[in-house]
Amino acid sequence: MAMAADKGIHRSNFADDIEFREILSLFVDSAKEKSALIEQLYQKKDWETLQTVAHQLKGSSGGYGFPELTPLAMALEESARAGSANVDEVNRVVNFLNAMEL
1 MAMAADKGIH
11 RSNFADDIEF
21 REILSLFVDS
31 AKEKSALIEQ
41 LYQKKDWETL
51 QTVAHQLKGS
61 SGGYGFPELT
71 PLAMALEESA
81 RAGSANVDEV
91 NRVVNFLNAM
101 EL
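With the first letter of the sequence shown counted as 1, position 48 gets the number 48 in UniProt numbering; the numbers rise by one all the way through.
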């Protein structure tokens, strides 16, 4: 599945916090892995696991300084729960994750 290009870079609200930078880096790195996982889960129509991954992102994104991701992950979680996630919802989350930087 080809994902549409994102329109910008997303930086954490905590990017300038030196003490938080190492753990923030781990979160950003894991986001790239999660974006690929989300695409795979969507293609396989594994709604239960997709719901779980979206739920995890919803819960952690604000704490790592990416509050804009929370509503995107929430929408994906809800539609995956209903078994009706669509490519636009997947694209929004995947594009956000791929555009995350410290």
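Heads up, the beta-carbon is just placed ideally off N, CA and C, and yes, glycines get one too.
It should be emphasised that the depicted structure is a prediction, and the values quoted were computed from it without experimental measurement.
Item to check | Completely contained alpha helix (DSSP H) runs for the UniProt domain "HPt" (16-102), where each covers 4 or more residues | outcome: Within the UniProt domain "HPt" (16-102), the complete alpha helix (DSSP H) runs of at least 4 residues are 21-44, 47-61, 69-81, 87-98.
Checklist entry - Are Leu102 and Leu24 closer than 9 Å when you measure CB to CB? => result Using a Cβ distance threshold of 9 Å, Leu102 and Leu24 count as a contacting pair.
Item to check | Presumed contact (8 Å Cβ cut-off) between Glu89 and Ser79, rounded CB distance | outcome: Right, their Cβ atoms sit about 6 Å apart.
Checklist entry - Are Ser35 and Val94 close, meaning C-beta to C-beta below 9 Å? => result Taking the C-beta atoms as reference points, Val94 is found nearer than 9 Å to Ser35.
Next on the checklist: Tell me which residues share the same chain as Thr52 and place their Cβ nearer than 8 Å to its Cβ, disregarding the 5 neighbours each side in the sequence.
Outcome noted: Excluding sequence neighbours, Thr52 sits near nothing in its chain.
Checklist entry - Of all the options Phe96, Ala99, Asn98, Ala85, which has the alpha carbon lying nearest to the alpha carbon of Asp46? => result Residue Ala85 is the option with its Cα nearest to Asp46.
Checklist entry - When the Cα of Ser61 is compared with those of Ile18, Met100, Glu39, Ile9, which residue comes out closest? => result With distances taken between Cα atoms, Ser61 lies closest to Met100.
Item to check | Proximity below 9 Å, CB of Glu98 to CB of Lys32 | outcome: The displayed chain sequence assigns Asn, not Glu, to residue 98. Yes, they are a contact pair.
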